[in-house]
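Engineer: Chains as they are written, first to last, in our numbering: chain R, 6 to 137; chain G, 6 to 137; chain W, 6 to 137; chain C, 6 to 137. First the structure, then my questions, so here it is.
There are 4 protein chains.
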Amino acid sequence: MMKISIEYRVPYADTDQMGVVYYGNYLTLFERARNELMRSCGYTYRECEAEGWMLPVIHAEVDYRSPARYDDLLEITAYVRLQKGVRLEIACEVRRKGEDALLASGFTRHCFVSTADFRPTPPPARLLAALG
Amino acid sequence: MMKISIEYRVPYADTDQMGVVYYGNYLTLFERARNELMRSCGYTYRECEAEGWMLPVIHAEVDYRSPARYDDLLEITAYVRLQKGVRLEIACEVRRKGEDALLASGFTRHCFVSTADFRPTPPPARLLAALG
Amino acid sequence: MMKISIEYRVPYADTDQMGVVYYGNYLTLFERARNELMRSCGYTYRECEAEGWMLPVIHAEVDYRSPARYDDLLEITAYVRLQKGVRLEIACEVRRKGEDALLASGFTRHCFVSTADFRPTPPPARLLAALG
Amino acid sequence: MMKISIEYRVPYADTDQMGVVYYGNYLTLFERARNELMRSCGYTYRECEAEGWMLPVIHAEVDYRSPARYDDLLEITAYVRLQKGVRLEIACEVRRKGEDALLASGFTRHCFVSTADFRPTPPPARLLAALG
Numbered sequence: 006m007m008k009i010s011i012e013y014r015v016p017y018a019d020t021d022q023m024g025v026v027y028y029g030n031y032l033t034l035f036e037r038a039r040n041e042l043m044r045s046c047g048y049t050y051r052e053c054e055a056e057g058w059m060l061p062v063i064h065a066e067v068d069y070r071s072p073a074r075y076d077d078l079l080e081i082t083a084y085v086r087l088q089k090g091v092r093l094e095i096a097c098e099v100r101r102k103g104e105d106a107l108l109a110s111g112f113t114r115h116c117f118v119s120t121a122d123f124r125p126t127p128p129p130a131r132l133l134a135a136l137g
Numbered sequence: 006m007m008k009i010s011i012e013y014r015v016p017y018a019d020t021d022q023m024g025v026v027y028y029g030n031y032l033t034l035f036e037r038a039r040n041e042l043m044r045s046c047g048y049t050y051r052e053c054e055a056e057g058w059m060l061p062v063i064h065a066e067v068d069y070r071s072p073a074r075y076d077d078l079l080e081i082t083a084y085v086r087l088q089k090g091v092r093l094e095i096a097c098e099v100r101r102k103g104e105d106a107l108l109a110s111g112f113t114r115h116c117f118v119s120t121a122d123f124r125p126t127p128p129p130a131r132l133l134a135a136l137g
Numbered sequence: 006m007m008k009i010s011i012e013y014r015v016p017y018a019d020t021d022q023m024g025v026v027y028y029g030n031y032l033t034l035f036e037r038a039r040n041e042l043m044r045s046c047g048y049t050y051r052e053c054e055a056e057g058w059m060l061p062v063i064h065a066e067v068d069y070r071s072p073a074r075y076d077d078l079l080e081i082t083a084y085v086r087l088q089k090g091v092r093l094e095i096a097c098e099v100r101r102k103g104e105d106a107l108l109a110s111g112f113t114r115h116c117f118v119s120t121a122d123f124r125p126t127p128p129p130a131r132l133l134a135a136l137g
Numbered sequence: 006m007m008k009i010s011i012e013y014r015v016p017y018a019d020t021d022q023m024g025v026v027y028y029g030n031y032l033t034l035f036e037r038a039r040n041e042l043m044r045s046c047g048y049t050y051r052e053c054e055a056e057g058w059m060l061p062v063i064h065a066e067v068d069y070r071s072p073a074r075y076d077d078l079l080e081i082t083a084y085v086r087l088q089k090g091v092r093l094e095i096a097c098e099v100r101r102k103g104e105d106a107l108l109a110s111g112f113t114r115h116c117f118v119s120t121a122d123f124r125p126t127p128p129p130a131r132l133l134a135a136l137g
């Protein structure tokens with residue numbers, strides 16, 4: 006199974022007045038990891054769009070366990086947890102680099118659609134091959 | 006059951022290059038509606054914090070059905086779908102004002118904690134009374 | 006001179022761990038006021054784009070005087086401070102509603118460009134007429 | 006003169022429907038570079054705050070020359086352009102990695118204040134020494 010991790014340094018911009026990363030910003034962290042997951046397949050999301058596919062999010066979930074804070078160096082891991090027909094689900098986990106404890110985890114569910122008419126369409130063969 | 010709606014005009018800032026509201030920004034829309042839900046109870050979240058309670062999000066889910074776009078006037082509805090012990094769940098629905106179709110819906114799960122030690126603590130009686 | 010004000014309630018999302026609105030978020034507040042300034046001219050920015058003009062920002066400045074905080078009800082005022090050829094400058098001021106003291110002020114400089122080729126192009130006559 | 010650069014990959018979250026990085030998000034890019042500039046001085050902003058100093062932004066300016074886009078790998082350079090008394094000015098430049106052309110540039114003006122009373126206060130000697 007394809008699985009990648011990225012590092013991310015938390016800026017002030019991501020925090021809120023509780024002194025922790027704002028809950029909505031984890032979905033951007035998930036996106037950053039998804040982008041690199043696709044790049045590691047040798048097929049970036051930018052290429053995917055250029056060739057006629059989009060992957061809008063149709064569902065997202067996050068479990069918040071322990072807060073990430075300003076200047077934390079995070080490690081965000083992403084992997085494909087399901088690929089079936091036009092559906093794709095990518096799971097993400099957020100930790101402080103070098104620590105085992107999960108700060109947050111969750112997943113996004115996507116649907117392959119055509120950029121031409123926004124209708125569900127089978128995923129690009131190149132990507133499927135890369136995802137294994 | 007307490008239920009409120011707010012209006013919100015979508016700025017360019019909320020959109021992404023797909024020409025729609027970025028998926029992570031719905032969690033900020035949910036927060037805007039939650040804030041007004043509490044205000045309508047006569048007990049704002051600002052007062053809640055000042056009196057010693059915080060309500061961190063421990064889980065969030067969003068279903069994305071149809072995209073909101075730049076300059077749309079949205080109506081965001083929030084209501085309490087569960088309150089039991091230290092748990093609180095608030096559901097949110099996003100529509101274009103004057104239209105029935107759901108653009109997105111979801112909920113957030115919160116835990117009442119003390120601002121002093123971040124430990125779970127029974128919710129303020131004033132808020133419980135207001136939530137009915 | 007055309008001048009409008011909007012109200013805006015600060016969500017947690019806009020704050021940072023200093024307990025104040027993050028400095029970058031003022032540029033989104035400015036945009037919200039600009040959008041309503043154009044709407045009040047009877048010519049929304051959405052229409053502007055649909056008819057072939059875009060107004061990218063080429064320069065922005067903000068003076069931060071006193072911090073806005075969570076749950077503040079802000080009043081954001083916008084007005085055209087310069088319109089000459091393809092240039093447009095819109096000034097913005099942020100205050101707490103009902104208070105005189107400026108929290109922040111600044112301006113954005115825009116250039117009318119064609120959506121077809123992104124080249125500078127004279128502004129739509131309808132908008133010029135409305136701006137007076 | 007102390008000068009550092011960081012790399013940054015643009016996520017979808019940073020873009021808007023014009024297909025470019027939203028103008029307000031450059032101020033977050035500037036912050037990311039400032040954080041690393043201070044780290045490279047051997048004195049992170051987190052330590053700075055822990056020891057009693059904050060560096061709120063009192064003025065910010067950005068010149069937008071050419072748009073950054075989704076998935077661009079950016080190089081953001083930061084350096085101190087002025088340090089005098091309680092004032093600090095940090096300049097930032099944004100380019101695509103490996104290219105000379107400026108996409109955006111600007112600076113932020115800061116004032117050293119005490120975390121105890123938010124009043125202007127001379128900067129930490131350790132930081133001054135590092136800044137040279």
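Beta carbons: idealized from backbone N, C-alpha and C, even for Gly.
Return the CA-CA distance between G:L87 and G:E94, expressed in angstroms with no decimal places.
Structural biologist: So the two alpha carbons sit approximately 5 Å from each other.
Engineer: At 7 Å on the CB atoms, spell out the chain G contacts of R:V140, in chain order.
Structural biologist: Outside the modelled stretch of chain R, which goes from 6 to 137, sits residue 140 of chain R, for which no answer is possible.
Engineer: Count the C-beta pairs between the stretch 23-37 of chain C and the stretch 56-74 of chain C that are closer than 8 Å, then say yes if the count reaches three, no if not.
Structural biologist: Yes, they touch.
Engineer: With DSSP collapsed to three states, give me the class of G:Y17.
Structural biologist: Here G:Y17 sits in helix by DSSP.
Engineer: Which of the three DSSP states is assigned to G:C53 in this structure?
Structural biologist: In this structure, G:C53 counts as helix in the three-state DSSP scheme.
Engineer: For C:C53, which residues in the same chain have their Cβ closer than 8 Å to its Cβ, ignoring the five residues on either side in sequence?
Structural biologist: Counting only Cβ-Cβ distances below 8 Å, and skipping sequence neighbours, we find M43, M59, L60, P129, L132.
Engineer: Does the stretch 15-29 of chain C come close enough to the stretch 75-90 of chain C to have 3 or more Cβ pairs within less than 8 Å?
Structural biologist: Short answer: they touch.
Engineer: At the level of alpha carbons, what is the spacing between G:E36 and R:D68?
Structural biologist: Approximately 17 Å, taken between the alpha carbons.
Engineer: Identify each residue in the stretch 43-58 of chain W for which the Cβ-Cβ distance to at least one residue of chain G is less than 8 Å, and report them in chain order.
Structural biologist: If the cut-off is 8 Å between Cβ atoms, the stretch 43-58 of chain W has T49, Y50, R51 near chain G.
Engineer: Can you give me the Cβ contacts of W:H115 inside the same chain, cut-off strictly under 8 Å, excluding the 5 residues immediately before and after it?
Structural biologist: Cβ within range, chain order: L60, P61, V62, I63, R92, L93, E94, I95.
Engineer: Output, in sequence order along the chain, the residues in the stretch 9-39 of chain C whose CB is closer than 7 Å to any CB in chain G.
Structural biologist: Taking 7 Å as the Cβ-Cβ cut-off against chain G, the residues of the stretch 9-39 of chain C that qualify are Y17, A18, T20, D21, Q22, G24, Y27, G29.
Engineer: With distances taken between CB atoms, is the gap from R:D21 to W:T20 smaller than 9 Å?
Structural biologist: Cβ atoms of R:D21 and W:T20: closer than 9 Å.
Engineer: Is any beta-carbon of chain G found at less than 9 Å from that of R:I95?
Structural biologist: By this cut-off, R:I95 is not an interface position.
Engineer: Identify each residue in the stretch 58-82 of chain W for which the Cβ-Cβ distance to at least one residue of chain G is less than 8 Å, and report them in chain order.
Structural biologist: Hits within the stretch, in order: Y75, D76.
Engineer: Between the beta-carbon of R:E104 and the beta-carbon of R:S10, is there less than 9 Å?
Structural biologist: Contact: no.
Engineer: Per the DSSP calculation, R:R39 is bridged to which residue(s)?
Structural biologist: DSSP, once it has assigned bridges, lists no residue as partnering R:R39.
Engineer: According to the neighbour-count rule (16 or more other Cβ atoms, all chains shown, within 10 Å of its Cβ), is G:E56 buried or exposed?
Structural biologist: Exposed: under 16 other Cβ atoms inside 10 Å.
Engineer: Of the residues C:T120, C:S110, C:T126, which one's Cα is nearest the Cα of C:G90?
Structural biologist: Closest option to C:G90, Cα to Cα, is C:T126.
Engineer: Quick one: residues in its chain with C-beta nearer than 7 Å to the C-beta of W:K102, no 5 flanking neighbours on either side, listed in chain order?
Structural biologist: Counting only Cβ-Cβ distances below 7 Å, and skipping sequence neighbours, we find E12, L78, L79, E80.
Engineer: Identify the continuous beta strand (DSSP E) that holds W:A106 and give its terminal residues.
Structural biologist: Careful: W:A106 lies outside any beta strand (DSSP E) and carries neither H nor E.
Engineer: R:A83 lies in the beta strand (DSSP E); which residues open and close that run?
Structural biologist: Per DSSP, R:A83 belongs to the beta strand (DSSP E) from 78-89.
Engineer: From W:R70, W:T49, W:V99, pick the residue whose C-alpha is nearest to that of G:Y17; which is it?
Structural biologist: Of the listed residues, the one whose Cα sits closest to G:Y17 is W:T49.
Engineer: Cβ of W:K38 within 9 Å of Cβ of W:S71?
Structural biologist: Looking at the sequence itself, residue 38 of chain W is Ala, so the reference to Lys does not match. Not a contact, by the Cβ cut-off of 9 Å.
Engineer: Short of 7 Å in beta carbon distance, which residues of its chain neighbour R:L136, apart from the five on each side in sequence? Order them along the chain.
Structural biologist: For R:L136, where only same-chain residues beyond five positions count, the Cβ hits under 7 Å are M7, C46, V85, Q88.
Engineer: In three-state terms, what does DSSP make of W:L60?
Structural biologist: It is coil, neither helix nor strand.
Engineer: Have a look at R:T120 and R:R51 and give me their C-alpha separation to the nearest angstrom.
Structural biologist: Distance between the alpha carbons of R:T120 and R:R51 is about 12 Å.
Engineer: Identify the residues that DSSP records as bridge partners of R:P69: which are they?
Structural biologist: At residue 69 of chain R the sequence reads Tyr, which differs from the Pro that was named. For R:Y69, which the question treats as bridged, DSSP gives the partners R:A109.
Engineer: Helix, strand or coil: which one does DSSP assign to W:R114?
Structural biologist: W:R114: strand per DSSP, three-state reduction.
Engineer: Out of W:R14, W:E66, W:E41, which one is the CA nearest neighbour of W:F112?
Structural biologist: The shortest Cα separation from W:F112 among W:R14, W:E66, W:E41 belongs to W:E66.
Engineer: Could you tell me the distance, in whole angstroms, from the CA atom of C:V118 to the CA atom of G:A109?
Structural biologist: Their Cα atoms are separated by approximately 43 Å.
Engineer: Can you confirm whether R:E98, when its beta carbon is compared against all beta carbons of chain C, has any partner nearer than 9 Å?
Structural biologist: Chain C contact via Cβ: absent.
Engineer: Using beta carbons (cut-off 9 Å, strictly below), is R:E104 in contact with chain C?
Structural biologist: False, the Cβ-Cβ gap to chain C never drops below 9 Å.
Engineer: According to DSSP, which residues form a beta bridge with C:L93?
Structural biologist: Beta-bridge pairing links C:L93 to C:Q88, C:H115.
Engineer: Whole angstroms are fine: how far does the CA of G:V99 sit from the CA of W:N40?
Structural biologist: Each residue's Cα considered, the two are about 21 Å apart.
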